[in-house]
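In this note's numbering, each number is its position in the sequence shown, counted from 1, plus 340.
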Amino acid sequence: MDPSVQKHFTVVDYVIFALLLVASMAIGLYYALSGGRQRTTQEFLLADRSMSCLPISLSLIASFQSAVAIVGVPAEVFVHGTQYWFIGCAYILGLLIPAHVFIPVLYRLRLSSAYQYLELRFSKTVRICGTLTFIFQMVRVNVDFMDYVFGTQTVLHVTVLFLSVTGFELWGTVLATGLVCTLYTTIGGLKAVIWTDVFQTVVMFAGQLAVIVVGVQQTGGVSEVWNKVWEGNRISGLNLNPDPTERHTFWTLGVGGVFLMLSLYGVNQAQVQRYLSARTEKEAVRSCYMVFPSLQLALALGCVMGLVMFARYCGEDHSGKLGNSSGDAMVIYFVMDMLQGLPGLPGLFIACLFSGALSTISSAFNSLATVTMEDLIKPHCPPMTEARATMVSKALALSYGLLCLAMAFLSHLMADSVLQVALKILGMVGGPILGVFCLGMFFPWSNSIGAVAGLAAGLVVAFWVGIGSIVTRTSSVSSCESLSITNTLATSGLKRFYSLSYMWYSGFSCITVIVIGLIISFLTGPMKEEDVAPGTVFPLLGKLLWFVPERVRKRLCCVTPLGHTVRNTTKGNPFYKSQKYRHRPLTIPYRST
């Protein structure tokens, strides 16, 4: 590769990139001016519960794969090999459990926010704690995504390279793209978010596929790529080492990844909101099933792109041009190197990268507006008209967009890869949230005190491990000739605890919440089955312990099938005390469609 070759955008590239922003804005305008014109909170926040499974499934993919899959996965495979591909095994349980456990419970309750469930099951305090935790998680993650894609989160050399290629001004790009995203989310509501996600998902797949096809051709064909990655030890075998401090093994990815998937596709408001927007429960379940092949395709494209990138640059040192040997930096360099001289394709990939950012960020803005409106404003403010509530929801979406833009200016450098940064944050905060939902759905005797204590303990432990790993981290740089496929830190004592693989953060914190929550619930007086709001418990333990006498099962778990009526008028129920729910019928009818 001749370093003197200049790589710049052509007119066609600029047009393709501009079309991405124009099309996204046009979709937002269309849904702002059509249908009910976003005049009700049901339409703005839940798309009038009218969506079919196909657009929902594509939107579910776009919400969290996005920039992480496009840049992070190829960088991971380029540096460490294909071990990460085994996370695809986690997709099986990570989508089956939401489809058959979380969706039936949440959809039949006809909620607007996932965190309304926590009040139905526990108390208003638990709902507020869960909501605030989610807000922190989504604001933090999306600031990182914005910062990475637009140039400040990753190392400065990527910014310089990106800007030299495109000719864009850094913060002009941030403002233009961020404002477009904020505006179409604010005026078009969830329908606009879902359909722009569909469009952007197609762009993402097209951009990655173009890079792979051209890269394989310029590297010498499929056989040449295979020979180089095989000789370079980038094809990883099945690593069954049970050591939880080893960064990537089958267990950390295939089992630890299940908890991460559940925290995203089971209880995260951005995804739950899409399930709740479905026409029927069956449509919501189908959308979850349809996500599986698409996620596998996205994972495969990212991994293959990383292998092609390795085959192209094995034996070459680009640290002088890029500032260091960061895999994330190499992805951008690889794309521009492969696609130079092919008008339109560099623009397609940059549009692909920005599509990932737009889909993730717009999903966050809409879900943040929903939980703030439904969980923090409505329960604590005087009743407001539908028109006023809709205006407040739009103002919230706009405010969160501007907040994330402002915070992107102030964020700090982190030394991890973009993939690891994103999954760490999602695991550290998403795991405890998952734990609270599991505590409520699977353990009927858990009470609100146990839920709050468990959530607090889970967050403390998760941030203790996460921050400790940053403080004690020893950085290492792998070269093409000297590769360490798995990274296990030779530590002992507390440092070994900090060496826990980031893929276990969700599972570790989730289990902490459940264990502490159950202990505190027993110590403070467990709830009785008749005091639990109907439809809020999934009878998992009753199914697993079918061989235990019913008398024992009744003492341990809810044996009432989901959707049946439970007589519940006791004043001991915290919701009987709530004026909002006191006169609300507690029978949750079975809804199969």
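Glycine included, each C-beta is placed from N, C-alpha and C at the ideal position. Remember, predicted model here, so these are calculated numbers, not experimental data.
Gly681 counts as exposed, since fewer than 16 other C-beta atoms from the protein chains shown sit within 10 angstroms of its C-beta.
The alpha carbon of Phe357 has as its nearest neighbour, out of Thr710, Ala796, Ile690 and Lys868, the alpha carbon of Ile690. Distance between Thr471 and Thr712, taken at the CA atoms: about 8 Å.
With respect to the 8 Å criterion, Leu458 and Val776 are classified as neighbours on the basis of their beta carbons.
Counting the other CB atoms within 10 Å of its CB gives Cys850 a total of 16 or more, which places it among the buried residues.
The C-alpha of Leu436 is placed about 36 Å away from the C-alpha of Phe674.
Assignment of Met724 by DSSP, reduced to helix, strand and coil, places it in the coil class. Ala709 and Arg379 have their C-alpha atoms spaced approximately 15 Å apart. DSSP places Arg574 outside any alpha helix (DSSP H), giving it a letter other than H or E. Taken atom to atom, the span from the alpha-carbon of Pro879 to that of Ser634 is near 31 Å.
Taking the CA atoms as reference points, Thr864 sits about 8 Å from Gly790. Assigned with DSSP and collapsed to three states, Met544 falls in helix. Under the three-state reduction of DSSP output, Ala618 falls in the strand class. The residues Ser403, Phe404, Met478, Ser703, Ala704, Asn706 and Ser707, in chain order, have a CB closer than 8 Å to that of Ala610 in the same chain once the five nearest residues on each side in sequence are set aside. DSSP, reduced to helix, strand and coil, places Met867 outside both helices and strands of the structure shown, so it counts as coil. When the Cα atoms are used, Tyr653 and Ala372 turn out to be separated by approximately 47 Å. A residue is called buried when at least 16 other Cβ atoms come within 10 angstroms of its Cβ; Gln557 does not meet this threshold and is exposed.
Between the segment 386-402 and the segment 618-632 there are three or more C-beta pairs closer than 8 Å, enough to call the two in contact.
Rounded to whole angstroms, Asp871 and Phe887 show a C-alpha spacing of 25 Å. Val551 sits close to Leu679, with the two beta carbons spaced by under 8 Å. His588 and Met724 have their C-alpha atoms some 51 Å from each other. For Ser699, the enclosing alpha helix (DSSP H) has its first and last residue at Leu685 to Val711. The criterion of a C-beta distance shorter than 8 Å is satisfied by Pro772 and Thr473. With contact defined as three or more Cβ pairs closer than 8 Å, the segment 685-699 and the segment 438-453 are not in contact. Going by DSSP, Tyr838 is part of the alpha helix (DSSP H) stretching over Leu834 to Tyr838. One thing to note: Ser563 has its Cβ no nearer than 8 Å to the Cβ of Leu386. A distance of 8 Å or more separates the beta carbons of Leu600 and Met365. The straight-line gap separating the alpha-carbon atoms of Gln456 and Val538 is approximately 28 Å. Boundaries of the alpha helix (DSSP H) harbouring His420: Val413 to His420, taken from the DSSP string.
Within the same chain, Cβ atoms closer than 6 Å to the Cβ of Arg461 are found at Gly780 and Thr876, the five residues on either side in sequence being excluded. Take the alpha-carbon of Gln382 and the one of Gly529: they are about 10 Å apart.
Closest option to Thr517, judged by alpha-carbon separation, among Ile432, Ser786, Gly806 and Val362: Val362.
Taking C-beta atoms as the reference points, Thr465 and Val792 count as a pair closer than 8 Å. Residue environment: Arg728 is assigned as exposed (fewer than 16 neighbouring CB atoms within 10 Å of its CB, all protein chains considered).
Closest in alpha carbon position to Gln613, among Asp353, Gly594, Gly368 and Phe384, is Phe384.
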